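Chains as they are written, first to last, in our numbering: chain X, 3 to 228; chain A, 3 to 228. By construction, the Cβ of each residue, glycine as well, lies at the ideal position given by its N, Cα and C atoms. Note that the coordinates shown come from a computational prediction; the quantities given were computed from them, not determined experimentally. Please read the structure below before turning to the comments.
Protein chains: 2
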Amino acid sequence: MLAPVQEARRPPETRHVRAAPPTCHSLLGALDLTGAVMPFDRNAEIYGENEPADYVYKVISGAVRSYKVLHDGRRQIDAFYLPGDVFGLELGDEHTCSAEAITETTVLVVRRTHVLDAAERRSEVARNLWSLTARDLRRAQHHTLLLIKSAQERVAAFLLEMSERLAAGTAFELPMSRQDIADYLGLTIETVSRTLSQLEGAAAISLPASRRIVLRDRSALDRLND
Amino acid sequence: MLAPVQEARRPPETRHVRAAPPTCHSLLGALDLTGAVMPFDRNAEIYGENEPADYVYKVISGAVRSYKVLHDGRRQIDAFYLPGDVFGLELGDEHTCSAEAITETTVLVVRRTHVLDAAERRSEVARNLWSLTARDLRRAQHHTLLLIKSAQERVAAFLLEMSERLAAGTAFELPMSRQDIADYLGLTIETVSRTLSQLEGAAAISLPASRRIVLRDRSALDRLND
DNA sequence: CGACCATTTGATATGGATCAAGCGATGTGG
DNA sequence: CCACATCGCTTGATCCATATCAAATGGTCG
Numbered sequence: 003m004l005a006p007v008q009e010a011r012r013p014p015e016t017r018h019v020r021a022a023p024p025t026c027h028s029l030l031g032a033l034d035l036t037g038a039v040m041p042f043d044r045n046a047e048i049y050g051e052n053e054p055a056d057y058v059y060k061v062i063s064g065a066v067r068s069y070k071v072l073h074d075g076r077r078q079i080d081a082f083y084l085p086g087d088v089f090g091l092e093l094g095d096e097h098t099c100s101a102e103a104i105t106e107t108t109v110l111v112v113r114r115t116h117v118l119d120a121a122e123r124r125s126e127v128a129r130n131l132w133s134l135t136a137r138d139l140r141r142a143q144h145h146t147l148l149l150i151k152s153a154q155e156r157v158a159a160f161l162l163e164m165s166e167r168l169a170a171g172t173a174f175e176l177p178m179s180r181q182d183i184a185d186y187l188g189l190t191i192e193t194v195s196r197t198l199s200q201l202e203g204a205a206a207i208s209l210p211a212s213r214r215i216v217l218r219d220r221s222a223l224d225r226l227n228d
Numbered sequence: 003m004l005a006p007v008q009e010a011r012r013p014p015e016t017r018h019v020r021a022a023p024p025t026c027h028s029l030l031g032a033l034d035l036t037g038a039v040m041p042f043d044r045n046a047e048i049y050g051e052n053e054p055a056d057y058v059y060k061v062i063s064g065a066v067r068s069y070k071v072l073h074d075g076r077r078q079i080d081a082f083y084l085p086g087d088v089f090g091l092e093l094g095d096e097h098t099c100s101a102e103a104i105t106e107t108t109v110l111v112v113r114r115t116h117v118l119d120a121a122e123r124r125s126e127v128a129r130n131l132w133s134l135t136a137r138d139l140r141r142a143q144h145h146t147l148l149l150i151k152s153a154q155e156r157v158a159a160f161l162l163e164m165s166e167r168l169a170a171g172t173a174f175e176l177p178m179s180r181q182d183i184a185d186y187l188g189l190t191i192e193t194v195s196r197t198l199s200q201l202e203g204a205a206a207i208s209l210p211a212s213r214r215i216v217l218r219d220r221s222a223l224d225r226l227n228d
């Protein structure tokens, strides 16, 4: 239930570079991105809750978890961010969640003020900012819906979500641990593990390795997913 | 667990009027609001999930619930909207939730295109749109955090939220039923009712009527709320 | 007054949490 | 290269918070 120990937390001041060519279909693509590419170790904190939100981030490679911790140590993971995802964008001046790299991760870091200034001048940039937040809102609502479902339904929904976001074909490699999945789904590791075993037993998936998922019967998962 | 029967659903075409003087500190206040004031009966549908999102709404009086229903009838209430709150604003062209009046309710209805056009021309309007969505996102994240807590903690958090949003002093009247509260908190009516009784027994609140709440020991509730 | 609906309260059932081993992969030092 | 510690995961046994089922109570409106 406890978050992993934090490793080095560095302010985003590493090698300042001209950003890699922005992909134009991406949501931050409309911005003229000048930022730093930063690497983070496994479990390294990218920012903490209530810290000043001076930067906006985009995952280049790896995976990020965004979470909150209650006084007694319970951790709720609000979102996983995967390559291409933008995160850390806030309306206010402080981050509302903490963010950590799940695996070795590189992110593109852009000053928030650059983005806000651009939005003031160009309406399509403003619309992109709105769009990013609206997408997060939809994901959050979807996530809320998850949390009223049974363990089987939650795990099935999680697998389908991950399959859409990182599957090439029918199989994929999970970047996150069982504990991360549990804290995302509001379950314990034991229940996540048991449920995956059940799904394997029911021939809905197979688990050639603990983090490797093969979808064997997607319609069975779909049936569990509303 | 079932949503109440829907009553008449009318498209927003009633008495078209110049909007009442917009309150300037309000988030839609920056817009030059021209819209219709529309009344809705108790339990009347304002819009349904997947319907075209042609209008944006602002509660003038009454209360609104925004919810999703799963195939098997489980209902998740995403948000309650109270006087002053704006709702129904979507980035896409369709509503992602249904909305119903909880009590007799009047709302101000504004064409979405008016708002979007204004946002394209004026950056402070664009920022207001973003701000509205960001506020919803924060509430959604707060709500997600609720759903991993115990029944007592959920109910305490709910009471504190409602107290902030509609209390004059230390007491307030809930507009919504126990079923609505249950579907918001991911509990059953029985658990909600029992938990309220417990809190009354513990002298944290008193319940002079089933929908009237008096906060008797706010710090006791705060202690339950992270 | 009587019907209806919302709410409370009581008795029992159950899904997932908790407690407790065991297991397999990975890495480290001898 | 192997013994052994560590870590992430799985599996088993038991417990408990909340759901479910059932009934009583109370408030509202005709």
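Query                                                                                                             : Result
Per-residue contacts from A/R76 into chain X (C-beta, under 7 Å)                                                  : I150
Neighbour flag for X/E122 against chain A, beta carbons, 7 Å                                                      : yes
Uninterrupted beta strand (DSSP E) stretches inside the segment 43-91 of chain X (no shorter than 3 residues)     : 47-49, 57-63, 66-71, 77-83
Three-pair Cβ contact test at 8 Å for the segment 43-52 of chain X versus the segment 100-113 of chain X          : yes
Under 8 Å by beta carbon: chain A residues contacting X/K70                                                       : Q143, L147
Inter-residue spacing [alpha-carbon to alpha-carbon] between A/T25 and A/L134                                     : A caution first: A/T25 carries a pLDDT of 38, below 50, which makes its placement in the model unreliable, though a value can still be read off. Distance between the alpha carbons of A/T25 and A/L134 is about 15 Å.
Member of X/Q154, X/E166, X/D224, X/S221 whose CA lies at the smallest distance from the CA of X/S195             : X/Q154
Any 3 or more C-beta pairs closer than 8 Å across the segment 81-90 of chain A and the segment 147-167 of chain X : no
Endpoints, the beta strand (DSSP E) within which A/L209 is located                                                : 207-211
Where A/P54 falls, given that 16 or more other Cβ within 10 Å makes a residue buried                              : exposed
Same chain, Cβ closer than 8 Å to A/R214, five either side skipped, listed in chain order                         : A173, F174, E175, L176
Cβ of A/T115 within 7 Å of any chain X Cβ                                                                         : no
Within chain A, the residues that X/R140 reaches when beta carbons sit closer than 7 Å                            : T98
Residue-chain proximity (X/S221, chain A), Cβ-Cβ < 7 Å                                                            : no
Nearest residue (CA-CA) to A/Y186, options A/Q200, A/R225, A/A169, A/R141                                         : A/R141
Chain A within 7 Å of X/A136, Cβ atoms only                                                                       : yes
Buried versus exposed call for X/R77 [16 or more other C-beta atoms within 10 Å across all chains shown]          : buried
Within 7 Å of chain X by C-beta, residues of the segment 191-218 of chain A in sequence order                     : none
C-beta neighbour in chain X for A/L226, strict 7 Å                                                                : no
Buried versus exposed, by CB contacts within 10 Å (16 or more), X/H27                                             : Unreliable placement is indicated for X/H27, whose pLDDT of 36 sits below 50; the coordinate value is still reported in the next sentence. Burial call: exposed.
Under 7 Å between C-beta atoms of A/I150 and X/G188                                                               : yes
Anticipated Cβ contact below 8 Å, A/T107 with A/V61, distance rounded                                             : 7 Å
With 16 other Cβ atoms within 10 Å as the buried cut-off, status of X/G64                                         : buried
Beta carbon proximity, X/L161 to chain A, threshold 7 Å                                                           : no
Span of the beta strand (DSSP E) around X/E102                                                                    : 100-103
Below-7 Å beta-carbon distance, A/G188 vs any chain X residue                                                     : yes
For A/L162, the three-state DSSP class (helix, strand or coil)                                                    : helix
C-beta atoms of X/D56 and A/L139 nearer than 7 Å                                                                  : no
Beta-ladder partner(s) of A/R214, from DSSP                                                                       : A/E175, A/A211
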